[in-house]
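Notes follow once the structure below has been shown.
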Amino acid sequence: MYIRVSLLLFLLENVAPSDANLFTRGSDTILRTASRVRHNAVKRSTGLMRDLRTAYHGVLVDQTDSGSGGTYCINVLSNESTLNGGSGSGSSSGGISGGVGGSAVASGTSAAVPSASSSAEASSPWKLQQSYEGNTFFGGWAFFTYTDPTAGVVDYVNGDAAETSNLTGVNSAGNAYLKVETTPVVTGYRKSVRITTDFTYTKALVVLDAVHLPTGCGTWPAFWSNGPNWPDGGEIDIVEGVNDYTNDQVTLHTNTGCSLPTNNTAQLDITGTLVSGTDCSVSGTGDSGCGVRATQTDSFGAPFNAVGGGVYAMNWDDAGITVHFFNRSAIPADITTGAPQPTSWGTPIANFPSSSCNSTEFFYDHSAIFDTTLCGDWAGDGWNSTGAPGQEQSCAQRTGLATCEEFVANNGAAFEEAYWEIKSVKIYQTS
């Protein structure tokens, strides 16, 4: 390692007097101090940030992968609203949307970290654009802090509050987690987390590798892809379910004019089953869209967690939108090596062909989103419901309480399993 003169001069100007002798302590101390100065510089001014980048030039070595053209880096968020999830409304280079009824806006470009060799990537048309994993997982996400647009009884907290409350972090296995508050009794709403990528995309292959999903009565977790000005830019629910469900549900929510071409699953060439009609529009379905339920009984909830999770892959291209699921023991090697080949994956859970729902007319400028809400328009309204896989008995019967809201407020221990544990989220594009 070498330290350029520009860094030394920068530190002499910016460190506190107590750090004036840091240069006698070795390069590790210099780097730690530089890191602290960089953190403070982000909050003070963008001009100082430019100076810091100049100073760092001699320390951070460009590690470009010849196969992908990516550079190993860590995202530096350009405003405090993004860094700690404040409710300010800045603007990002690609723009992000928070979904129905609100938006979380941030700036910056997150790390694009190639995970495959150049030879492996060369065999796949899909090139890695963004990778969120390990200690840098939360770089490049904005924390949504508005009222839950689906009427859930949650208080979405900002990044600082989530970390302080241990609702977010990275565990000893190197996996990111997002939790729900487990305080025994709350007088208001339970704290939870909703995050949205700064990076936006039109047409992509989004691959989620998760170890654990939130589950249990009152929970409504989702991993989804969402466009601006809902429902104009469309919504693709990749992972979603409520309460004790065991089977994932994939759903589209769109403007008028998007539909499935048929309700015949053989003609659609899917393994899933339709849970509603063929109309995908919000206006024509009372917001419910067109949903397809997986037949795999370990694709959601407690059974998913019991097998160590698995991988969901949403492929959005000119032909349409498909979603596949693979449990931990059946993940294709091309996904593991970072050279995905969707055409080799077999029949998907869900398939929404462009023939009856143009994939770039009804869907554009998407961001990926994680959230866990409680009760609300689905988990709450379905409190007395039975019949869905995993929900042979209603939550009202299982808990002995008449309402979801009463259960959530008074049973914090019930939400010990209401957490996401995520190995990675990877977003690929062909160009």
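Residue numbers for the sequence shown, in mature numbering (1 follows the signal peptide of the UniProt record, and there is no 0): -20 to -1, 1 to 411. Note that the Cβ used here is the ideal one computed from N, Cα and C, for glycine as well. Computed from a predicted structure; not experimentally measured.
Here residue 262 carries a helix assignment [DSSP, helix/strand/coil]. Setting aside the 5 residues that flank it on each side, residue 262 is surrounded in the same chain by 211, 233, each with a C-beta closer than 6 Å to its C-beta; the list follows chain order. For the pair residue 260 and residue 197, the CB atoms are not nearer than the 8 Å cut-off. Nearest neighbour of residue 243 by Cα position, chosen from 237, 236, 252, 235, turns out to be 252. Cβ-Cβ separation between residue 228 and residue 268: approximately 16 Å, too far for a contact (criterion under 8 Å).
The straight-line gap separating the alpha-carbon atoms of residue 153 and residue 191 is approximately 11 Å. Annotation for residue 308: no beta strand (DSSP E) segment contains it, and DSSP assigns it neither H nor E. For residue 270, the enclosing beta strand (DSSP E) begins and ends at 270 to 273.
Beta-bridge partners assigned by DSSP to residue 201: 352. By the neighbour-count definition (other C-beta atoms within 10 Å, threshold 16), residue 390 is an exposed residue.
Distance from the CA of residue 139 to the CA of residue 148, rounded to the nearest whole angstrom, comes to 8 Å. Taking C-alpha positions only, residue 165 is separated from residue 395 by approximately 12 Å. Excluding the 5 residues flanking it on each side, residue 283 has same chain C-beta neighbours closer than 7 Å at 226, 277, in chain order. Residue 309 is classed as exposed because its beta carbon has fewer than 16 other beta carbons within 10 Å across all chains shown. For residue 245, the uninterrupted alpha helix (DSSP H) run begins and ends at 245 to 248, by DSSP. In terms of Cβ geometry, residue 357 and residue 195 do not form a close pair [threshold 8 Å].
Of 163, 159, 206, 207, the smallest CA-CA separation from residue 200 is found for 159.
Contact annotation: residue 167 and residue 392 have beta-carbon atoms that are not nearer than 8 Å.
Selection 318, 220, 376, 297 evaluated against residue 281 yields 220 as nearest (Cα-Cα).
Proximity to residue 339 across 294, 305, 311, 401 peaks at 294, based on C-alpha coordinates. When the beta-carbon positions are compared, residue 371 and residue 224 come within less than 8 Å of each other. The C-alpha of residue 369 lies about 16 Å from the C-alpha of residue 256.
The DSSP-derived three-state label of residue 387 is helix.
Residue 291 is positioned such that its CB atom lies closer than 8 Å to that of residue 189. In the three-state DSSP reduction, residue 215 falls in the strand class (E or B).
The Cβ atoms of residue 344 and residue 116 do not sit closer than 8 Å to each other. The distance from the Cβ of residue 346 to that of residue 180 is about 6 Å, consistent with a contact at the 8 Å cut-off. With fewer than 16 other Cβ atoms from the protein chains shown falling within 10 Å of its own Cβ, residue 361 counts as exposed. When the five nearest sequence neighbours on each side are left out, the beta carbons in the same chain lying within less than 6 Å of the beta carbon of residue 307 are those of 278, 287, 290, in order along the chain. The continuous alpha helix (DSSP H) containing residue 143 extends over residues 139 to 144. In the three-state reduction of the DSSP assignment, residue 128 falls in the coil class, being assigned neither a helical nor a strand state. Here residue 358 carries a helix assignment [DSSP, helix/strand/coil]. The bridge partners DSSP lists for residue 404 are 113, 189. Between residue 248 and residue 135, the alpha-carbon positions lie close to 40 Å from each other. Residue burial is scored here from C-beta neighbours: residue 274 has at least 16 other C-beta atoms within 10 angstroms and is therefore classed as buried. Between residue 185 and the set 384, 302, 128, the nearest pair of CA atoms involves 302.
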